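Worksheet for the structure shown next.
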Amino acid sequence: MGNKDVRLYEHITIDKKTAQKLFSQYDNKIELTNLTLIPEGMSTSNYIVDIKNSSKKYLLKIYPEGGGNSAIEAASYSYAKQYVNVPNIHLFDNSKKIYNNPYVIMDYIEGMSLKEYIIKNKKFPNKIAYDIGSKLALLHRREYKNRGLLNKNLDIKKNLPPITDLHEQFLNGIPGTHINSKIKNELLESIDKNKELLKKLDTTFVYSHGDFYPANILIDNKDNSVWFIDFEYSLSAPIYYDIGKFFRDRAYMDKYGDKSTYDNFIRGYNEHAKNKVSDDWIKISRLADMTGMLSLINKENPPMEWVKGIEDALKRTLRILRNEIEF
1 MGNKDVRLYE
11 HITIDKKTAQ
21 KLFSQYDNKI
31 ELTNLTLIPE
41 GMSTSNYIVD
51 IKNSSKKYLL
61 KIYPEGGGNS
71 AIEAASYSYA
81 KQYVNVPNIH
91 LFDNSKKIYN
101 NPYVIMDYIE
111 GMSLKEYIIK
121 NKKFPNKIAY
131 DIGSKLALLH
141 RREYKNRGLL
151 NKNLDIKKNL
161 PPITDLHEQF
171 LNGIPGTHIN
181 SKIKNELLES
191 IDKNKELLKK
201 LDTTFVYSHG
211 DFYPANILID
221 NKDNSVWFID
231 FEYSLSAPIY
241 YDIGKFFRDR
251 AYMDKYGDKS
261 TYDNFIRGYN
271 EHAKNKVSDD
281 WIKISRLADM
291 TGMLSLINKE
301 NPPMEWVKGI
311 EDALKRTLRI
321 LRNEIEF
(Lines of atoms letter the chains of each structure in order from A and count residues from 1; the text may use other names and numbers.)
(Lines give C-alpha, C1' and ligand atoms only; values in the text may rest on other atoms or scores of the structure.)
Protein backbone atom coordinates (compact mmCIF):
# COMPACT_ATOMS: atom_id res chain seq x y z
CA MET A 1 0.00 0.00 0.00
CA GLY A 2 1.45 3.30 -1.01
CA ASN A 3 4.24 2.00 -3.23
CA LYS A 4 4.29 4.24 -6.26
CA ASP A 5 5.67 1.33 -8.33
CA VAL A 6 2.50 -0.73 -7.76
CA ARG A 7 -0.18 0.35 -10.22
CA LEU A 8 -3.57 -0.90 -11.31
CA TYR A 9 -2.81 0.18 -14.90
CA GLU A 10 0.46 0.72 -16.73
CA HIS A 11 1.51 4.28 -17.50
CA ILE A 12 0.40 5.49 -20.92
CA THR A 13 3.29 6.95 -22.89
CA ILE A 14 2.57 9.99 -25.03
CA ASP A 15 4.95 12.08 -27.14
CA LYS A 16 4.95 15.85 -27.47
CA LYS A 17 3.50 15.76 -30.98
CA THR A 18 0.45 13.81 -29.84
CA ALA A 19 0.04 15.97 -26.75
CA GLN A 20 0.17 19.07 -28.96
CA LYS A 21 -2.67 17.61 -31.01
CA LEU A 22 -4.74 17.12 -27.87
CA PHE A 23 -4.08 20.67 -26.69
CA SER A 24 -5.09 22.05 -30.07
CA GLN A 25 -8.63 20.96 -29.23
CA TYR A 26 -8.51 23.40 -26.31
CA ASP A 27 -6.41 26.26 -27.76
CA ASN A 28 -4.55 25.94 -31.06
CA LYS A 29 -2.34 28.91 -30.16
CA ILE A 30 -0.67 27.04 -27.31
CA GLU A 31 2.73 25.55 -28.14
CA LEU A 32 4.01 22.81 -25.86
CA THR A 33 7.68 22.82 -24.87
CA ASN A 34 7.96 19.95 -22.41
CA LEU A 35 6.09 16.98 -20.94
CA THR A 36 6.99 15.54 -17.53
CA LEU A 37 5.41 12.33 -16.29
CA ILE A 38 4.27 12.34 -12.67
CA PRO A 39 5.18 8.82 -11.45
CA GLU A 40 2.75 8.74 -8.51
CA GLY A 41 -0.75 7.34 -8.89
CA MET A 42 -2.30 3.96 -9.57
CA SER A 43 -4.71 4.40 -12.47
CA THR A 44 -4.30 7.48 -14.64
CA SER A 45 -1.20 8.79 -16.42
CA ASN A 46 -0.50 12.40 -15.52
CA TYR A 47 1.85 14.82 -17.27
CA ILE A 48 2.98 18.31 -16.30
CA VAL A 49 2.88 20.40 -19.47
CA ASP A 50 5.09 23.46 -20.03
CA ILE A 51 4.14 25.90 -22.75
CA LYS A 52 6.07 28.46 -24.76
CA ASN A 53 6.39 32.06 -23.53
CA SER A 54 4.46 31.45 -20.33
CA SER A 55 5.15 30.41 -16.75
CA LYS A 56 1.70 28.79 -16.61
CA LYS A 57 1.65 25.01 -16.50
CA TYR A 58 -1.10 22.54 -17.30
CA LEU A 59 -1.84 19.00 -16.25
CA LEU A 60 -2.67 16.46 -18.96
CA LYS A 61 -4.47 13.52 -17.40
CA ILE A 62 -4.99 10.39 -19.50
CA TYR A 63 -7.40 7.70 -18.35
CA PRO A 64 -6.82 3.97 -18.85
CA GLU A 65 -8.36 2.03 -21.71
CA GLY A 66 -12.08 1.75 -21.14
CA GLY A 67 -12.25 5.23 -19.69
CA GLY A 68 -12.15 4.41 -16.02
CA ASN A 69 -14.43 6.90 -14.32
CA SER A 70 -13.43 9.88 -16.44
CA ALA A 71 -16.94 11.32 -16.86
CA ILE A 72 -17.63 10.99 -13.13
CA GLU A 73 -14.40 12.79 -12.31
CA ALA A 74 -15.14 15.65 -14.71
CA ALA A 75 -18.59 16.07 -13.15
CA SER A 76 -17.10 15.85 -9.67
CA TYR A 77 -14.69 18.72 -10.31
CA SER A 78 -17.64 20.82 -11.46
CA TYR A 79 -19.58 19.93 -8.31
CA ALA A 80 -16.68 20.31 -5.89
CA LYS A 81 -15.54 23.76 -7.02
CA GLN A 82 -18.49 25.41 -5.27
CA TYR A 83 -17.12 24.18 -1.94
CA VAL A 84 -13.38 23.55 -2.18
CA ASN A 85 -10.31 24.58 -4.16
CA VAL A 86 -9.96 22.32 -7.19
CA PRO A 87 -7.97 22.78 -10.42
CA ASN A 88 -9.91 24.35 -13.26
CA ILE A 89 -10.75 21.94 -16.09
CA HIS A 90 -10.25 23.47 -19.55
CA LEU A 91 -11.15 20.46 -21.67
CA PHE A 92 -12.58 17.01 -21.08
CA ASP A 93 -12.77 14.69 -24.09
CA ASN A 94 -13.99 11.10 -23.92
CA SER A 95 -15.19 10.95 -27.53
CA LYS A 96 -12.08 9.04 -28.70
CA LYS A 97 -12.22 10.95 -32.00
CA ILE A 98 -8.78 12.50 -31.49
CA TYR A 99 -7.24 10.04 -29.06
CA ASN A 100 -8.04 6.46 -28.05
CA ASN A 101 -8.31 7.25 -24.35
CA PRO A 102 -10.36 9.85 -22.49
CA TYR A 103 -8.25 12.77 -21.32
CA VAL A 104 -8.59 16.03 -19.47
CA ILE A 105 -6.58 19.27 -19.61
CA MET A 106 -6.59 21.23 -16.37
CA ASP A 107 -4.54 23.76 -14.47
CA TYR A 108 -1.43 22.45 -12.76
CA ILE A 109 -1.26 23.54 -9.12
CA GLU A 110 2.20 24.55 -7.93
CA GLY A 111 2.45 22.85 -4.58
CA MET A 112 3.01 19.54 -2.88
CA SER A 113 0.85 16.76 -1.58
CA LEU A 114 -0.15 16.85 2.07
CA LYS A 115 2.10 13.83 2.60
CA GLU A 116 5.10 15.67 1.13
CA TYR A 117 4.24 18.82 3.10
CA ILE A 118 4.09 16.99 6.44
CA ILE A 119 7.36 15.14 5.85
CA LYS A 120 9.19 18.25 4.62
CA ASN A 121 8.00 20.52 7.43
CA LYS A 122 8.01 17.80 10.10
CA LYS A 123 4.61 18.89 11.35
CA PHE A 124 0.90 18.75 10.59
CA PRO A 125 -0.32 22.30 11.30
CA ASN A 126 -3.62 22.54 13.17
CA LYS A 127 -4.93 25.11 10.69
CA ILE A 128 -4.44 22.74 7.78
CA ALA A 129 -6.12 19.89 9.68
CA TYR A 130 -9.07 22.19 10.41
CA ASP A 131 -9.28 23.38 6.79
CA ILE A 132 -9.28 19.83 5.44
CA GLY A 133 -12.03 18.78 7.84
CA SER A 134 -14.19 21.80 7.05
CA LYS A 135 -13.82 21.41 3.28
CA LEU A 136 -14.60 17.70 3.42
CA ALA A 137 -17.78 18.48 5.36
CA LEU A 138 -18.86 20.91 2.63
CA LEU A 139 -18.17 18.29 -0.03
CA HIS A 140 -20.38 15.88 1.92
CA ARG A 141 -23.48 18.11 1.73
CA ARG A 142 -24.94 16.22 -1.22
CA GLU A 143 -27.05 13.39 0.20
CA TYR A 144 -28.27 10.07 -1.20
CA LYS A 145 -30.70 7.40 -0.07
CA ASN A 146 -28.26 4.51 -0.47
CA ARG A 147 -24.62 3.62 -0.89
CA GLY A 148 -23.87 3.34 -4.59
CA LEU A 149 -21.84 4.01 -7.69
CA LEU A 150 -22.50 7.27 -9.52
CA ASN A 151 -23.18 8.20 -13.13
CA LYS A 152 -21.92 11.26 -15.01
CA ASN A 153 -24.70 13.34 -13.42
CA LEU A 154 -23.54 12.23 -9.97
CA ASP A 155 -26.79 10.35 -9.42
CA ILE A 156 -26.75 6.75 -8.24
CA LYS A 157 -26.55 4.34 -11.18
CA LYS A 158 -26.05 1.18 -9.13
CA ASN A 159 -26.82 0.48 -5.49
CA LEU A 160 -24.04 -1.14 -3.48
CA PRO A 161 -24.58 -3.48 -0.55
CA PRO A 162 -24.41 -1.88 2.89
CA ILE A 163 -20.90 -1.68 4.32
CA THR A 164 -22.17 -3.64 7.32
CA ASP A 165 -22.63 -6.65 5.01
CA LEU A 166 -19.02 -6.57 3.87
CA HIS A 167 -16.92 -7.10 7.01
CA GLU A 168 -17.77 -10.76 7.49
CA GLN A 169 -18.03 -11.34 3.73
CA PHE A 170 -14.47 -10.13 3.15
CA LEU A 171 -12.97 -11.76 6.24
CA ASN A 172 -14.56 -15.11 5.37
CA GLY A 173 -13.73 -14.71 1.68
CA ILE A 174 -10.59 -14.18 -0.40
CA PRO A 175 -9.22 -11.18 1.59
CA GLY A 176 -9.38 -13.23 4.80
CA THR A 177 -7.10 -15.90 3.30
CA HIS A 178 -4.28 -13.36 2.99
CA ILE A 179 -4.17 -12.18 6.60
CA ASN A 180 -3.08 -13.91 9.78
CA SER A 181 -5.83 -16.25 11.02
CA LYS A 182 -5.51 -14.98 14.60
CA ILE A 183 -6.05 -11.39 13.45
CA LYS A 184 -8.99 -12.48 11.28
CA ASN A 185 -10.72 -14.28 14.15
CA GLU A 186 -10.17 -11.36 16.51
CA LEU A 187 -11.66 -9.01 13.93
CA LEU A 188 -14.73 -11.21 13.48
CA GLU A 189 -15.20 -11.27 17.24
CA SER A 190 -14.76 -7.50 17.50
CA ILE A 191 -17.27 -6.89 14.69
CA ASP A 192 -19.82 -9.02 16.53
CA LYS A 193 -19.30 -6.93 19.67
CA ASN A 194 -19.68 -3.61 17.84
CA LYS A 195 -22.99 -4.10 16.04
CA GLU A 196 -24.37 -0.84 17.43
CA LEU A 197 -21.44 1.15 16.03
CA LEU A 198 -21.81 -0.59 12.68
CA LYS A 199 -25.44 0.50 12.44
CA LYS A 200 -24.24 4.11 12.20
CA LEU A 201 -22.62 3.26 8.86
CA ASP A 202 -26.03 2.66 7.31
CA THR A 203 -27.84 5.84 8.31
CA THR A 204 -26.46 8.73 6.23
CA PHE A 205 -25.03 8.55 2.71
CA VAL A 206 -23.29 11.48 1.03
CA TYR A 207 -21.24 12.39 -2.02
CA SER A 208 -17.79 11.06 -1.12
CA HIS A 209 -14.39 11.68 -2.68
CA GLY A 210 -13.74 7.95 -2.52
CA ASP A 211 -9.94 8.18 -2.59
CA PHE A 212 -9.40 10.66 0.22
CA TYR A 213 -5.73 10.07 0.95
CA PRO A 214 -3.13 12.73 1.85
CA ALA A 215 -1.60 12.13 -1.60
CA ASN A 216 -4.81 13.53 -3.13
CA ILE A 217 -4.73 16.73 -1.08
CA LEU A 218 -2.44 19.51 -2.27
CA ILE A 219 -0.95 22.37 -0.27
CA ASP A 220 -0.45 25.43 -2.49
CA ASN A 221 3.08 26.89 -2.52
CA LYS A 222 1.75 30.46 -2.49
CA ASP A 223 -0.36 30.56 0.65
CA ASN A 224 -0.63 26.99 2.01
CA SER A 225 -4.23 26.79 0.83
CA VAL A 226 -5.79 23.32 0.62
CA TRP A 227 -6.80 21.78 -2.73
CA PHE A 228 -8.57 18.48 -3.41
CA ILE A 229 -7.69 16.45 -6.53
CA ASP A 230 -8.36 13.07 -8.18
CA PHE A 231 -12.09 12.42 -7.93
CA GLU A 232 -12.35 9.41 -10.26
CA TYR A 233 -13.47 7.09 -7.45
CA SER A 234 -16.28 9.32 -6.19
CA LEU A 235 -19.37 7.52 -4.92
CA SER A 236 -22.24 7.66 -2.48
CA ALA A 237 -20.98 6.39 0.87
CA PRO A 238 -21.39 6.86 4.64
CA ILE A 239 -20.02 10.14 5.99
CA TYR A 240 -17.30 8.13 7.76
CA TYR A 241 -15.93 6.57 4.57
CA ASP A 242 -13.63 9.42 3.49
CA ILE A 243 -12.62 10.14 7.09
CA GLY A 244 -11.49 6.57 7.60
CA LYS A 245 -9.33 6.65 4.49
CA PHE A 246 -7.80 9.97 5.48
CA PHE A 247 -6.74 8.70 8.90
CA ARG A 248 -5.61 5.26 7.73
CA ASP A 249 -2.30 4.42 9.38
CA ARG A 250 0.73 6.10 7.87
CA ALA A 251 4.14 6.44 9.52
CA TYR A 252 4.47 10.16 8.77
CA MET A 253 0.98 10.91 10.11
CA ASP A 254 1.72 9.05 13.34
CA LYS A 255 5.10 10.77 13.69
CA TYR A 256 4.05 14.37 13.06
CA GLY A 257 0.35 14.32 13.95
CA ASP A 258 -1.06 14.16 17.48
CA LYS A 259 -4.34 14.52 19.35
CA SER A 260 -4.67 18.13 18.20
CA THR A 261 -4.59 16.93 14.57
CA TYR A 262 -7.67 14.79 15.14
CA ASP A 263 -9.36 17.44 17.28
CA ASN A 264 -8.90 20.24 14.75
CA PHE A 265 -9.91 18.09 11.80
CA ILE A 266 -13.16 17.00 13.39
CA ARG A 267 -13.88 20.45 14.80
CA GLY A 268 -13.62 21.83 11.26
CA TYR A 269 -15.81 19.02 9.98
CA ASN A 270 -18.59 19.38 12.53
CA GLU A 271 -18.65 23.18 12.34
CA HIS A 272 -19.41 22.98 8.60
CA ALA A 273 -21.26 19.66 8.36
CA LYS A 274 -24.84 19.14 7.34
CA ASN A 275 -24.60 15.84 9.23
CA LYS A 276 -22.24 15.93 12.20
CA VAL A 277 -20.24 12.86 13.16
CA SER A 278 -20.80 11.21 16.54
CA ASP A 279 -18.37 11.24 19.46
CA ASP A 280 -17.17 7.74 18.59
CA TRP A 281 -16.29 8.83 15.04
CA ILE A 282 -12.78 7.38 15.16
CA LYS A 283 -14.02 3.86 15.86
CA ILE A 284 -16.76 4.11 13.23
CA SER A 285 -14.32 5.49 10.65
CA ARG A 286 -11.93 2.61 11.32
CA LEU A 287 -14.78 0.14 10.82
CA ALA A 288 -15.71 1.84 7.56
CA ASP A 289 -12.13 1.79 6.29
CA MET A 290 -11.66 -1.84 7.25
CA THR A 291 -13.79 -2.86 4.26
CA GLY A 292 -11.87 -0.50 2.00
CA MET A 293 -8.58 -2.07 3.00
CA LEU A 294 -9.86 -5.62 2.65
CA SER A 295 -11.23 -4.83 -0.82
CA LEU A 296 -7.68 -4.01 -1.94
CA ILE A 297 -6.65 -7.61 -1.35
CA ASN A 298 -9.85 -9.19 -2.66
CA LYS A 299 -7.91 -11.03 -5.35
CA GLU A 300 -5.36 -13.76 -5.77
CA ASN A 301 -1.73 -12.84 -5.08
CA PRO A 302 -2.04 -9.19 -3.98
CA PRO A 303 1.26 -7.31 -3.44
CA MET A 304 2.78 -8.51 -0.17
CA GLU A 305 3.52 -4.91 0.80
CA TRP A 306 -0.22 -4.23 0.74
CA VAL A 307 -1.00 -7.30 2.85
CA LYS A 308 1.60 -6.34 5.47
CA GLY A 309 0.40 -2.73 5.62
CA ILE A 310 -3.23 -3.81 5.90
CA GLU A 311 -2.47 -6.35 8.63
CA ASP A 312 -0.68 -3.68 10.67
CA ALA A 313 -3.58 -1.26 10.20
CA LEU A 314 -6.13 -3.91 11.17
CA LYS A 315 -4.19 -4.70 14.36
CA ARG A 316 -4.33 -1.01 15.24
CA THR A 317 -8.06 -0.97 14.51
CA LEU A 318 -8.51 -3.81 16.99
CA ARG A 319 -6.66 -1.84 19.66
CA ILE A 320 -8.80 1.23 18.99
CA LEU A 321 -12.02 -0.77 19.20
CA ARG A 322 -10.81 -2.25 22.51
CA ASN A 323 -10.05 1.24 23.88
CA GLU A 324 -6.36 0.39 24.13
CA ILE A 325 -5.54 3.51 22.10
CA GLU A 326 -7.18 6.82 22.92
CA PHE A 327 -7.23 10.07 20.97
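The sequence shown begins at 1 in full-length UniProt numbering and counts up one residue at a time. Even glycine gets a Cβ: it sits at the ideal position worked out from N, Cα and C. Model, not experiment: these values are computed from the prediction.
Local conformation of residue i per DSSP, three classes
| i | result |
| --- | --- |
| serine 304 | Here the sequence assigns methionine to residue 304, which means serine is not the residue at that position. In this structure, methionine 304 counts as helix in the three-state DSSP scheme. |
| serine 113 | strand |
| histidine 209 | coil |
| threonine 33 | strand |
| isoleucine 48 | strand |
| proline 175 | helix |
| isoleucine 156 | strand |
| serine 43 | coil |
| glycine 148 | strand |
| alanine 237 | strand |
| isoleucine 14 | coil |
Sub-8 Å separation of residue i and residue j beta-carbons
| i | j | result |
| --- | --- | --- |
| serine 43 | glutamate 305 | no |
| isoleucine 109 | tryptophan 227 | yes |
| phenylalanine 170 | serine 285 | no |
| isoleucine 48 | isoleucine 38 | yes |
| serine 70 | leucine 150 | no |
| asparagine 85 | serine 225 | yes |
| isoleucine 163 | arginine 147 | yes |
| isoleucine 128 | histidine 167 | no |
| lysine 255 | glycine 292 | no |
| serine 134 | glycine 257 | no |
Residue i versus residue j: straight-line alpha-carbon distance, rounded
| i | j | result |
| --- | --- | --- |
| aspartate 50 | leucine 59 | 9 Å |
| valine 277 | leucine 138 | 13 Å |
| serine 234 | alanine 74 | 11 Å |
| methionine 253 | isoleucine 118 | 8 Å |
| histidine 11 | threonine 204 | 37 Å |
| asparagine 53 | serine 45 | 25 Å |
| glutamate 189 | proline 303 | 27 Å |
| leucine 32 | glutamine 20 | 6 Å |
| lysine 97 | tyrosine 103 | 12 Å |
| alanine 80 | isoleucine 325 | 34 Å |
| leucine 314 | methionine 290 | 7 Å |
| phenylalanine 265 | lysine 195 | 26 Å |
| isoleucine 239 | asparagine 100 | 36 Å |
| lysine 157 | aspartate 249 | 32 Å |
Per-residue burial, residue i [other beta carbons within 10 Å of its own, 16 or more giving buried]
| i | result |
| --- | --- |
| alanine 273 | buried |
| phenylalanine 327 | exposed |
| threonine 317 | buried |
*asked:* Under 8 Å, with one C-beta from each stretch per pair, do the region 25-36 and the region 90-104 reach the 3-pair mark?
replied: yes
*asked:* Quick check: the region 172-179 against the region 249-261, are at least 3 beta-carbon pairs closer than 8 Å?
replied: no
*Is the number of C-beta pairs between the region 179-187 and the region 304-322 that are closer than 8 Å three or more?*
yes
*Per the contact definition of three or more C-beta pairs closer than 8 Å, is the region 212-219 in contact with the region 182-193?*
no
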